[in-house]
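Chains as they are written, first to last, in this note's numbering: chain A, 68 to 180; chain B, 21 to 253.
Beta carbons are placed, not taken as given, at the ideal position from N, Cα and C, and that holds for glycine.
Note that the structure is predicted; figures quoted are calculated from it, not measured.
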Ligand code: SF4
Ligand code: SF4
Ligand code: FES
């Protein structure tokens, strides 16, 4: 549970940014490994691609694009916060970032299934 | 009402039944407890009207000024829990040792250092320059320590100067009369300074005077970056 002093939109925005960053850091090496297989071992790669067609993996991919979008918009939010001297509207920004991420991820999901 | 009782070594919540009135503040209740049932209860206050900054405490886990927090607004199921501020050593009950908080204020060069004496004419300041506006926006700090208590980076990094001291430095760095800009900029761009801030914005969320320390710290980051590029610091 979040401690009471952390229960506000901006702290949650920070948390999402951190978690999405960690998630991406874990995923990216695996992603590059699979891409590398395309050059070295196309048979394993094909099997992997087949496996990645299943719904479960599709869902995981949805999560991934979501993470990427969260991280991207979270980063934009931080840049705006630190480089533009206007800040009381940050809450709206955090909300917009989240909404944008969701939208993107949902678009991806619809296309994928 | 549950009130934290104890000292630097240990403590626990003690429970009190307090009268409910339509219009009362947390400070009213704490005072009621001390006057009516528990004379030994230690707490601080002075002005009772949100000017002095001495009555801050954790109210249901959130740092707030007790004298201007209405019970009605924070009560949860007929119950309120109050504890001493976070991020500061406890002396006794609700009273914290704020010496480190103020030492950091000094460390951030939070003191105004003008270049004129009493024999010079009073300097004329235009109220509407961007710098003066930035200085004014940050100036109404009452040193309550609420932002310092709300900040997680202060808990994680004991040497971090914290939002209040940095906000003060920002106000002075925008004051055209002050002569110590470079010294101050060095102090706030140090290892303990503005670059530690993660922009959680808890300071801004809870500052009772609605100041924006996060904005001030972002300003310091920009100022320090420019100074470093120029080779000034
Ligand atoms: S914005 Fe910076 S100074 Fe304010 S609470 Fe967050 S980390 Fe602390
Ligand atoms: S910046 Fe706000 S919360 Fe922090 S010490 Fe000053 S008045 Fe209190
Ligand atoms: S008693 Fe002075 S601010 Fe609360």
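So what does DSSP say about residue 127 of chain B, is it helix, strand or coil? As a first step, residue 127 of chain B is located in the second chain; it is residue number 107 there, counting from the start. Under the three-state reduction of DSSP output, residue 127 of chain B falls in the helix class.
Would the beta-carbon of residue 142 of chain B be found less than 7 Å away from any heavy atom of ligand 1? Residue mapping note: residue 142 of chain B aligns to position 122 of the second chain, counting from 1. No - ligand 1 has no heavy atom lying nearer than 7 Å to the Cβ of residue 142 of chain B.
Cβ-based burial, residue 205 of chain B [other Cβ within 10 Å; buried from 16]: In the second chain, counting from the first residue as 1, residue 205 of chain B sits at position 185. Buried, since its Cβ has 16 or more Cβ neighbours within 10 Å.
Per DSSP, which residues does residue 76 of chain B bridge with? Please list them. Counting from 1 along the second chain, the entry for residue 76 of chain B is found at position 56. Answer is B/85.
Regarding residue 231 of chain B and ligand 2, is the C-beta to nearest heavy atom distance less than 7 Å? Here residue 231 of chain B is taken as the residue at index 211 of the second chain, counted from 1. Because some heavy atom of ligand 2 lies under 7 Å away, the Cβ of residue 231 of chain B counts as near it: yes.
Would residue 215 of chain B and residue 173 of chain B be called neighbours here (beta carbons separated by less than 8 Å)? Looking up residue 215 of chain B in the second chain gives position 195. Looking up residue 173 of chain B in the second chain gives position 153. No. Outside cutoff.
Residue closest to residue 47 of chain B, alpha-carbon to alpha-carbon, out of B/27, B/170, B/62: Against the second chain, residue 47 of chain B aligns to sequence position 27. It is B/62.
Backbone secondary structure at residue 54 of chain B - three-state DSSP: As a first step, residue 54 of chain B is located in the second chain; it is residue number 34 there, counting from the start. Annotated three-state conformation of residue 54 of chain B is helix, per DSSP.
What first and last residue would you give for the alpha helix (DSSP H) that runs through residue 92 of chain B? Position 72 of the second chain, counting from 1, holds the residue named residue 92 of chain B. From DSSP, the alpha helix (DSSP H) with residue 92 of chain B extends over 91-94.
Using beta carbons (cut-off 8 Å, strictly below), is residue 225 of chain B in contact with chain A? For the purposes of this step, residue 225 of chain B is identified with residue 205 of the second chain, where counting begins at 1. Interface residue, yes.
Selection from B/146, B/168, B/188, B/142 that minimises the alpha carbon distance to residue 159 of chain B: Within the second chain, the letter at position 139 stands for residue 159 of chain B. For residue 159 of chain B, the closest alpha carbon among the candidates B/146, B/168, B/188, B/142 is that of B/188.
Which stretch, first to last residue, makes up the alpha helix (DSSP H) that contains residue 16 of chain B? Any property of residue 16 of chain B remains undetermined from this structure, which presents chain B solely from 21 to 253.
Sheet register partners of residue 32 of chain B (DSSP bridge): Mapped onto the second chain, residue 32 of chain B falls at position 12. Its beta-bridge partners are B/25.
Leaving out five residues on either side along the sequence, give the residues of the same chain with a beta carbon under 7 Å from the beta carbon of residue 131 of chain A. Residue mapping note: residue 131 of chain A aligns to position 64 of the first chain, counting from 1. Excluding its 5 nearest sequence neighbours in each direction, residue 131 of chain A has C-beta neighbours in its own chain below 7 Å: 94, listed in chain order.
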